[in-house]
Amino acid sequence: MKYFALVIVFLFLSCQDVKKKEGSTRSKTIVTGKVLNYDTYEGLRLLKIKPFPGFRRELDVADFSKDGSFRLEFEQEIPQTFRITPFSHTYVYTKPGDSIFVTLDLTGEQKMLIEGDGVEDNVFLNRFYAKKDLGDDLNPRTTLLDGDSYVTTLDSVQEINSNVLNGMLEESMVSRGLRTTLHSELLNERFQRLLKYALYNVNFSERHAKVSDVFGNASQVNGQQSVDGVRYNLTLTESMENDIEQIHVSEGLVENEAFGYTRALYLTYLNKRDNRKIDPNNMTAWLDLTYNSFTNARQRDYALYLFGKSQLENYTLKSFQAQQEHLFSLIQDPSLKERLLKEYVKLKKSGIPLESIEAYSIYDIKQEGVMKILDSLIQKETNKVVLVDFWTSWCAPCHADMVKSGPIKHEKYEGQPIEFVYLQMDLNHKKGNEFIKVNQVSGVHFQFGKEEIDDILKFYAVKAFPTHMIINKQGEVVRKGNYRLYAPKTQFILDSLLKE
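Just so we're aligned, residue 1 is where the sequence shown starts under the UniProt record's numbering, counting upward by one.
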C-alpha cells in the first residue's frame with residue numbers, strides 16, 4: 001500500500017463574474033465531500049487558498065475524518081469558481097450560502113464541474129477541459145514561432161476551444177454566471193500566454209529577455225525593440241474586447257477581475273520584475289498607459305479601479321493619496337470612485353501605517369552602546385524634536401498607540417524635523433520585531449539586554465508602559481509621561497516645539 005503525505009489545495013481563481021452590489025452580505029458556504037480510497041493515503045489535509053496573484057493569501061484548513069469525508073466552511077460575498085488539485089480538471093462554482101457535496105477520486109483523471117447544489121452535465125464539460133492543452137508549440141518559454149505566428153496560432157486554438165465550449169453550454173443547463181466564468185477562464189488563459197510570450201520571447205538574443213522601457217528609449221534586442229512586449233499587451237486588449245463582443249456577455253466579463261489582474265500583473269512585470277511593485281515615480285505613466293490601452297469605456301474604468309485597489313492593498317495609502325486626483329480624473333464611473341474612496345477611508349480608519357515596510361530601523365544595543373544612545377537622544381544642538389516611546393512586546397496599550405499613530409506621522413509630520421524613537425523594554429526581541437514589521441511602525445527602534453533595560457528604566461524613572469518623553473531641538477527633555485501621538489495635547493506640544 002502506498003503511503004505519503006498529501007495536501008489538497010482549493011485554489012480560488014480570480015474569476016469573479018458577478019458585480020458586488022452595495023449592501024451585499026457575507027454568507028457561509030459549505031463544501032462537504034468524500035475522497036475514495038482514502039485509506040491509501042496518510043496525512044491528508046484540505047486547504048482553501050484565495051490569492052491575489054503574486055501577493056497575499058487567505059487560508060482555511062479542513063481535516064479529514066477516518067472514512068475520507070471532509071467539511072470546509074468559508075464566508076462568501078459573491079459567486080466564485082475554484083479548482084481542486086490534485087484532482088485535475090475538477091471545478092466547483094459556489095454562490096453565497098451554497099451547501100454542496102463532492103466525491104473525489106485520487107486514482108483517476110476525474111473531470112467534472114459542480115455548480116451550487118446541483119451537478120452540471122459533466123460529459124460535455126469534460127470535452128472542453130480535455131481540449132485545453134495547447135501543446136509545446138504554444139509554450140511561451142520554448143516556442144520557436146515568431147510573434148505574429150504565435151498570436152495567429154493562439155487565436156486559432158482559442159477559436160476552436162471557444163466553439164467547443166459554446167457547443168457544450170448549449171447542451172448543458174449552465175447558469176449565466178457559470179457560463180461567464182468559463183468563458184472568462186478560457187480567455188484569461190490565452191491572455192496569460194500572450195503576457196508570458198512578451199516576457200520570455202525566446203526569439204530575443206537572451207532567452208529570458210524582458211521588456212524594460214515602455215516610455216521610449218527602447219533598447220534593441222537582436223534587432224527588435226524591447227517595447228515589442230507592449231505590442232502584444234495591446235493585442236491582448238484588442239482581442240479581449242473582440243472576444244467579449246462575440247460571446248455576448250460583455251457585462252459579466254467587463255466586471256471580471258481576471259482581466260484586470262492579468263493586465264495589472266503585466267504592467268507590474270514590465271516595471272519591477274523582481275518584486276512586482278511599480279516605482280511610485282512612474283505611477284502616473286502607468287495610469288496613462290492603462291487608460292490609453294482600452295477603447296471600451298467600462299473596461300477601461302474597471303482596469304483603472306483595479307489599479308487603484310491594488311495600490312491600497314499592496315502598496316501604501318500614501319501612494320494612493322499621491323495619485324488619487326489623477327486616477328479619479330481618468331475614471332468616469334462614479335460608483336467605482338465611490339468604492340475606492342470607501343476602501344481608502346476604511347484602511348485609513350483602521351490605523352494601517354502609510355509608510356512602506358522599509359520606513360523603520362531596528363538596532364540591538366550592547367552594554368557599551370547604551371550611554372552613547374541615551375546621550376544621542378538628549379545631545380545639544382540636535383535641531384530636531386524627538387518623541388521617545390518606552391514600550392514592551394506584551395503591552396497592548398503600547399501596540400494600539402503605535403499603530404494608531406502611524407497615519408499621523410505621515411499626514412502631519414512627514415518632512416518636518418522630528419524623530420520618533422522606540423525603546424523596547426523587554427527581552428522578547430523576536431515578538432517585538434514581528435510586531436514592528438507586521439504593523440510597519442516607522443521610526444528608529446532600539447532593543448537591549450537585561451542589564452541595559454534595568455539601567456534605562458532606573459535612569460529615566462520609568463514605572464509604567466507606555467511612557468513617553470519629548471525632547472526639544474536643544475536636546476532638553478521638556479515632557480515625560482503619557483504623551484501618545486494621537487492625543488491633541490501631544491500634537492500641540494510638538495507643533496509648538498517645531499516652530500521654535
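C-beta atoms are modelled at their ideal positions from N, C-alpha and C, and glycine is treated no differently. These numbers were taken from a predicted model, which means no experiment stands behind them.
Cross-strand partners of residue i (DSSP beta bridge)
| i | result |
| --- | --- |
| R479 | I470 |
| K28 | E75 |
| I100 | V31 |
| V385 | I418 |
| S65 | DSSP, once it has assigned bridges, lists no residue as partnering S65. |
| F70 | G33 |
Cut-off 6 angstroms between Cβ atoms - residues of its own chain near residue i, not counting five sequence neighbours on either side
| i | result |
| --- | --- |
| residue 533 | Not covered by the structure: residue 533. The range shown for the chain is 1 to 500. |
| V31 | L72, I100 |
| I331 | D301, L304, K337 |
| D288 | none |
| N166 | none |
| V478 | I470, N472 |
| L457 | none |
8 angstroms Cβ shell around residue i - same chain, five flanking residues per side excluded
| i | result |
| --- | --- |
| F465 | F390, W391, T392, C395, P397, C398, M425 |
| Y486 | D401, K404, S405, I408 |
| E500 | N472, K473 |
| N383 | P417, K473 |
| I493 | I470, V478, R479, Y483 |
Reference residue i, options the options, closest by Cα
| i | options | result |
| --- | --- | --- |
| Y38 | K28, R484, R26, S69 | S69 |
| L327 | Y150, S149, T284 | T284 |
| K309 | L330, Y291, Y344 | Y344 |
| D333 | Q324, L312, R298, I418 | R298 |
| Q76 | F64, G97, Y305 | G97 |
| H445 | G475, V92, L36, Y422 | Y422 |
| Q491 | H429, Y413, I453, G432 | Y413 |
| N428 | V388, I453, S442 | I453 |
| R484 | E451, V102, L387 | L387 |
| D67 | V35, K473, Q324 | V35 |
| I470 | A461, K463, K480, V462 | K480 |
Residues near residue i in its chain [Cβ-Cβ closer than 7 angstroms; skip 5 each side]
| i | result |
| --- | --- |
| Q416 | L498 |
| N482 | H468 |
| G443 | Y360, F420, V421, Y422 |
| D495 | none |
| F320 | G308, Q311, L312, Y344 |
| V102 | V31, G33, V92, I114 |
Unbroken alpha helix (DSSP H) run spanning residue i, endpoints
| i | result |
| --- | --- |
| T392 | Run containing T392: none; DSSP gives neither H nor E here. |
| S496 | 488 to 499 |
| V438 | 429 to 439 |
Residue environment, residue i, which counts as buried when at least 16 other CB atoms sit within 10 Å
| i | result |
| --- | --- |
| F307 | buried |
| F448 | buried |
| E434 | exposed |
| L341 | exposed |
| V438 | exposed |
| N292 | exposed |
| Y129 | Reliability of the predicted coordinates at Y129 is poor, the pLDDT of 48 falling under 50, and no value is obtained from them. |
| N163 | exposed |
| I160 | exposed |
| K95 | buried |
| R193 | buried |
| M240 | Its pLDDT being 44, under 50, M240 is placed unreliably by the model, and nothing is read from it. |
Proximity test, residue i beta-carbon vs the ligand FAD heavy atom, cut-off 6 angstroms
| i | result |
| --- | --- |
| E343 | You won't find the ligand FAD in this model; it holds no ligand whatsoever. |
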